[in-house]
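Just below is one structure, and these are the notes that go with it.
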Amino acid sequence: MRLQYFIIWDALTIDGIFYVIDTGYGKMKVYNPRMGMDALQVFPVSRAAADQRAGRAGRTGPGTCYRLYTESAYLNEMLHSLVPEIQRINLGNVVLLLKFLKIENLLDFDFMDPPPQENILNSMYQLWVLGALNNVGGLTDLGWKMVEFPLDPPLAKMLLMGAKLHYLDEVLTIVSMLSVPTVFFRPKDREEESDLLGKSSLSLNRIKPFSMFTNNGKATSIEETGAMIIFYRLKLYRSKSPLKNGGICYEDNLSLPYFRFSAG
2 MRLQYFIIWD ALTIDGIFYV IDTGYGKMKV YNPRMGMDAL QVFPVSRAAA DQRAGRAGRT
62 GPGTCYRLYT ESAYLNEMLH SLVPEIQRIN LGNVVLLLKF LKIENLLDFD FMDPPPQENI
122 LNSMYQLWVL GALNNVGGLT DLGWKMVEFP LDPPLAKMLL MGAKLHYLDE VLTIVSMLSV
182 PTVFFRPKDR EEESDLLGKS SLSLNRIKPF SMFTNNGKAT SIEETGAMII FYRLKLYRSK
242 SPLKNGGICY EDNLSLPYFR FSAG
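One point on numbering: in the working numbering, the residue at position 1 of the sequence shown is 2, and numbering is uninterrupted.
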């Protein structure tokens, strides 16, 4: 049985677990500057988290934990405890909420785990670029609307602009895909191909169907091309029978459960 990492970290007691295999890694939510938003990334766990994992083995009886790392790595390479989430994620939503609550001086705000001031300033700058903050740090009309969405600020603005430009259905599909874990998976018999697709999402055969969405038949960025591939495949998914949808997803190494979620 494989349990999701944060269930283990929440210290839930589940009967019938006698063996735990600890890889020493886990997924954490961190700010990805390339994407401009938060994302789950794989990092080494802390010693406290490793101890929690070991504690799940034989919680209600004898048990064993197998650690796939050395004692030296545990003692010398792992942090004692996890870095608080507020210190490693983008603070755009936090800044928006505090501005909504009429908190003016964010640098002096009494956080329980104060994030670096540079992170606060960077988030304020990002919100200013998005048009959510004015030149004196107050919420704009757009900012007041963005506060209402439980999304990263760029995605919230994307939805609002999609509605304004009458492309809400298309934008909603893309935002939905960006709001769930990655849609790509790695079949055991196509791992090398999957890695290449995940890195670039570029293929002449895949770009052609999107010429109507590109400038002069060329995508402006790898990210744009990837979004177009997903959008095009989602349209195919909706038009095919359930028995054929698995083949559509497998063709491009896309996760069928997430397509079901996005297709509603």
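Idealized CB from N, CA, C, for every residue including glycine.
Since we're looking at a predicted model, the values are computed, not measured.
| Asked | Found |
| --- | --- |
| Cα-Cα separation, residue 172 to residue 73 | 49 angstroms |
| Cβ-based burial, residue 124 [other Cβ within 10 Å; buried from 16] | buried |
| Given 8 angstroms, three or more beta-carbon pairs between the region 91 to 98 and the region 75 to 83 | no |
| Residues near residue 87 in its chain [Cβ-Cβ closer than 6 angstroms; skip 5 each side] | 114, 116 |
| Buried versus exposed, by CB contacts within 10 Å (16 or more), residue 176 | buried |
| Nonlocal neighbours in the same chain, by C-beta distance under 8 angstroms from residue 20, ignoring five residues either side | 58, 64, 65, 66, 67 |
| Unbroken alpha helix (DSSP H) run spanning residue 175, endpoints | 169 to 179 |
| Where residue 111 sits in the DSSP three-state scheme | coil |
| Distance, residue 90 Cα to residue 52 Cα | 25 angstroms |
| Top-ranked residue by Cα proximity to residue 15, from 28, 32, 62 | 62 |
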